[in-house]
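2 protein chains.
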Amino acid sequence: MTEATALTRNQSLVHNTLRQADGPLSAYTILDRLRDDGFRAPLQVYRALDKLTSLGLVHRLESLNAFVACAGEHRHGENELIAFAICERCGQVEEFADPVVCERLEAWAGDNAFHADKTTIEIRGKCAVCRAA
Amino acid sequence: MTEATALTRNQSLVHNTLRQADGPLSAYTILDRLRDDGFRAPLQVYRALDKLTSLGLVHRLESLNAFVACAGEHRHGENELIAFAICERCGQVEEFADPVVCERLEAWAGDNAFHADKTTIEIRGKCAVCRAA
DNA sequence: GACATTACGTAATAACATTACGTTCGATTG
DNA sequence: CAATCGAACGTAATGTTATTACGTAATGTC
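First to last, the sequence lines map onto chains A and B.
All the letters of the first sequence, read from the start, carry residue numbers 1 to 133 under our numbering.
All the letters of the second sequence, read from the start, carry residue numbers 134 to 266 under our numbering.
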């Protein structure tokens, strides 16, 4: 159960690029950073990102059109609802899961016969460090 | 306090286009629909959308890169946290506000000294009608 | 080994959004 | 009333993000 699906070369390259980054990266930024590794076209990045997000190793930030490596506090592949707090100044992203929020949104879905596939929660603002600065 | 700021011609045209639509529209779709009214460039749409969103008359759906007219159950201009349930099949969008969710996210922000500017909650899935079909 | 599935490479194009620059309109206010 | 100031506008060019289309290669399965 805990095995990591072996990633392909392209997938590993993209994953490592995101892990080494100190914040979210756009697909095209990833592409640029992987030119020396033979990447030539956006699709190479997007295909790897699709796979990585479906494995839960990477998250897409909708409000940024960018991607981050999963911080890993929560289990991969689970359908857990994760919220992101994104600092507009330094770009750092915090992930957190709130069971109550999750439960309330599920309750709304239940009450309205809505079947949720994917839920996005993103808070844009200013982090503690940047507020102090 | 309750007066509606008079909208300019462009702003009204964009607003009406969104109100008449039966779902979210992209900026470019709006542009196409307003060609006959003299719209020529994306910026005309984006400028109107910026104003309308700042007035709370229109919402941007980040996960769709599209815009909807505010459904109007909640007060305009307020900084209220609104969640959107988006049907992937029929495109309909439901707006709702959940005070508990709001409170929990505010609590997280408080605990983490994070200053939230704007929060996005979007649930992608399938609505009741489409599930039945 | 035949077959299905998944991943890959490349090129072209579509879709979404902004920058830059100059002009017009309306409300002050001196 | 003219000067001025700010918001909105028009247009063109460009930048950024994402997908479609087509063919090839690698991998797993029976």
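Ideal placement from N, C-alpha and C gives every residue a C-beta, glycine not left out.
Computed from a prediction, not measured in an experiment: that's the story for all the values here.
Test item: CB-CB of residue i and residue j under 9 Å
i, j, result
"residue 20 of chain A", "residue 31 of chain A", "no"
"residue 86 of chain A", "residue 125 of chain A", "yes"
"residue 113 of chain A", "residue 260 of chain B", "yes"
"residue 69 of chain A", "residue 46 of chain A", "no"
Under 7 Å from the C-beta of residue i: neighbouring residues of chain B
i, result
"residue 110 of chain A", "Chain B residues near residue 110 of chain A: none, gap ~11 Å exceeds 7 Å."
"residue 131 of chain A", "246 and 248"
"residue 214 of chain A", "Any answer about residue 214 of chain A is impossible in this case: the structure gives chain A only from 1 up to 133."
Contact test: residue i Cβ vs the ligand GTP heavy atom, cutoff 8 Å
i, result
"residue 105 of chain A", "In terms of ligand content, the structure shown is empty, and the ligand GTP therefore cannot be addressed."
Buried or exposed (CB count within 10 angstroms, at least 16 for buried), residue i
i, result
"residue 41 of chain A", "exposed"
"residue 252 of chain B", "buried"
"residue 142 of chain B", "exposed"
"residue 157 of chain B", "buried"
"residue 237 of chain B", "buried"
"residue 121 of chain A", "buried"
"residue 80 of chain A", "exposed"
"residue 191 of chain B", "buried"
"residue 216 of chain B", "buried"
"residue 6 of chain A", "exposed"
"residue 107 of chain A", "exposed"
"residue 133 of chain A", "exposed"
"residue 71 of chain A", "exposed"
Chain-ordered neighbours of residue i on chain A, where CB pairs are closer than 9 Å
i, result
"residue 231 of chain B", "101, 104, 105, 107 and 108"
"residue 170 of chain B", "What residue 170 of chain B touches in chain A: nothing, since even the nearest Cβ is about 30 Å away."
Residues near residue i in its chain [Cβ-Cβ closer than 6 Å; skip 5 each side]
i, result
"residue 181 of chain B", "143, 144 and 147"
"residue 172 of chain B", "164"
"residue 229 of chain B", "216"
Cβ neighbours of residue i in the same chain (closer than 7 Å, five flanking residues each side left out)
i, result
"residue 193 of chain B", "186 and 200"
"residue 197 of chain B", "157 and 219"
"residue 135 of chain B", "Bear in mind that the predicted position of residue 135 of chain B carries a pLDDT of just 37, short of 50, making it unreliable; the figure below should be weighed with that in mind. Around residue 135 of chain B: no qualifying Cβ."
"residue 231 of chain B", "216"
Residues near residue i in its chain [Cβ-Cβ closer than 8 Å; skip 5 each side]
i, result
"residue 141 of chain A", "Here chain A comprises residues numbered 1 to 133, so residue 141 of chain A is not present and cannot be evaluated."
"residue 115 of chain A", "109"
"residue 22 of chain A", "91 and 92"
"residue 62 of chain A", "120 and 122"
"residue 117 of chain A", "none"
Interface partners of residue i on chain B, CB under 8 Å
i, result
"residue 119 of chain A", "254, 255, 256 and 257"
"residue 128 of chain A", "245, 246 and 247"
Where residue i meets chain A, residues with beta-carbon distance less than 8 Å
i, result
"residue 187 of chain B", "The contacting residues do not exist; residue 187 of chain B stays about 15 Å from chain A at best."
"residue 218 of chain B", "108, 109, 112, 114 and 116"
"residue 227 of chain B", "112 and 114"
Residues that residue i contacts on chain A, provided the C-beta gap is smaller than 7 Å
i, result
"residue 196 of chain B", "62 and 120"
Inter-stretch contact (C-beta, 8 Å, three-pair minimum) for the segment 218-230 of chain B and the segment 32-39 of chain A: no
At least three beta-carbon pairs within less than 8 Å, the segment 179-190 of chain B to the segment 144-153 of chain B: yes
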